[in-house]
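Okay, structure first, notes after.
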Amino acid sequence: MELCAQGTAPYLMFPALAGTGIVRHGFSTKLGGVSQGSCATMNLSFERGDDPKAVRENYRRIASSIGFSVEDLVFSKQTHTTNIRLVTEKDRGAGYSRPVGYTDVDGLITNIPNLVLTTFYADCVPLYFVDPARRVIALVHSGWRGTVGKIGDKAVRMMREHFGSDPADILAAVGPSIGQECYEVSRDVVDAFRDEFTEAQMSELAEQKENGKYQLDLWKANQIILREAGIRNEHLYTAGICTCCQKDWLFSHRATNGKRGNLAAFLELLPEQA
Numbered sequence: 001m002e003l004c005a006q007g008t009a010p011y012l013m014f015p016a017l018a019g020t021g022i023v024r025h026g027f028s029t030k031l032g033g034v035s036q037g038s039c040a041t042m043n044l045s046f047e048r049g050d051d052p053k054a055v056r057e058n059y060r061r062i063a064s065s066i067g068f069s070v071e072d073l074v075f076s077k078q079t080h081t082t083n084i085r086l087v088t089e090k091d092r093g094a095g096y097s098r099p100v101g102y103t104d105v106d107g108l109i110t111n112i113p114n115l116v117l118t119t120f121y122a123d124c125v126p127l128y129f130v131d132p133a134r135r136v137i138a139l140v141h142s143g144w145r146g147t148v149g150k151i152g153d154k155a156v157r158m159m160r161e162h163f164g165s166d167p168a169d170i171l172a173a174v175g176p177s178i179g180q181e182c183y184e185v186s187r188d189v190v191d192a193f194r195d196e197f198t199e200a201q202m203s204e205l206a207e208q209k210e211n212g213k214y215q216l217d218l219w220k221a222n223q224i225i226l227r228e229a230g231i232r233n234e235h236l237y238t239a240g241i242c243t244c245c246q247k248d249w250l251f252s253h254r255a256t257n258g259k260r261g262n263l264a265a266f267l268e269l270l271p272e273q274a
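Residue numbers for the sequence shown follow full-length UniProt numbering, beginning at 1 and rising by one.
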């Protein structure tokens, strides 16, 4: 993943996704905005107690940097489910220009150009999907519950079932999120993973500590899920950036005990060239 510093608001991007030529995308940092206090400065959530005027200015800045229009935004409504919404023209502006008319949506899929799929983060895993063959995109929020529920696999299946995507054509990327060294979880969380992953896989995913808790690897878990869904190794990319370790420039729920703003992932399908 590369840091792009053009414009007021720096952002991260995957060169491989940009290289398809059919998408515009990015992942925000906490830098370059106007929010104050625990939300300083590039908070992109209207639900963190921030001044709405500041949040809107932040959106204008990140939109200018990445190159999309704020009027084309479509927000998720995340509640740690595995629900994925098929986004259509009627959703344009949902969350930014007008209220979101749905709830319990942790993933978004579309084949409609110039809809900017938008999901939110402060340690959970963003998953980007781009199918250049069928011109379909998906953006998914995968916390530990979403990972246990294999929401990444569900996104691939929906791309196949609704749009005819071949998993072998899909490029998938695991964005910035909390890394294993920073992600301590209790036994019940690991037990939930044991119900869905093999013993051999669990030996790679969870490392027990002397205090009886575990260090869990969400990056590797999602890599396993995506490979099993049919994503080719050469089409699978991982940012390898830990939000908790990089708390100076990325929001982290763990690092701040919940006193933070929200990062956002953006993914937009570009119109076909005439």
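The beta carbon of each residue, even a glycine, is placed where N, CA and C say it ideally should be. Given the structure is predicted, the values throughout are model-derived calculations rather than measurements.
For residue 24, the enclosing beta strand (DSSP E) starts and ends at 23 to 28. In this structure, residue 48 keeps its C-beta atom at 8 Å or more from the C-beta atom of residue 72. If you keep only unbroken alpha helix (DSSP H) runs of at least 4 residues inside the stretch 174 to 242, you get 187 to 194, 199 to 205 and 218 to 228. The continuous beta strand (DSSP E) containing residue 12 extends over residues 11 to 13.
Each residue's CA atom was taken as its position, placing residue 5 and residue 62 some 11 Å apart. In the assembly as shown, residue 261 is a buried residue. Its beta-carbon has 16 or more other beta-carbons within 10 Å.
If you check the CB distance, residue 216 and residue 246 do not come in under 8 Å.
Contact between residue 113 and residue 270 holds: CB atoms are separated by about 6 Å, below the 8 Å threshold. Contact between residue 14 and residue 121 does not hold, since their C-beta atoms are separated by about 15 Å, which reaches or exceeds 8 Å. Residue 52 is not bridged by DSSP to any residue. A distance below 7 Å between beta-carbons, with the five flanking residues on each side excluded, links residue 146 to the following residues of its chain, in chain order: 80, 82 and 106.
By DSSP's assignment, residue 138 forms a beta bridge with 109 and 129. Annotation note: the stretch 68 to 121 contains the following uninterrupted beta strand (DSSP E) runs of length 3 or greater, listed N- to C-terminal: 73 to 75, 84 to 86, 107 to 110 and 116 to 121.
According to DSSP, residue 2 shares a beta bridge with 13.
By a beta-carbon distance limit of 8 Å, residue 74 contacts residue 118. Their separation comes to about 6 Å. Under DSSP, no beta-bridge partner is assigned to residue 44. Scanning its chain for C-beta atoms nearer than 7 Å, with the 5 sequence neighbours on each side dropped, one finds around residue 59 the residues 44, 70 and 96, in chain order.
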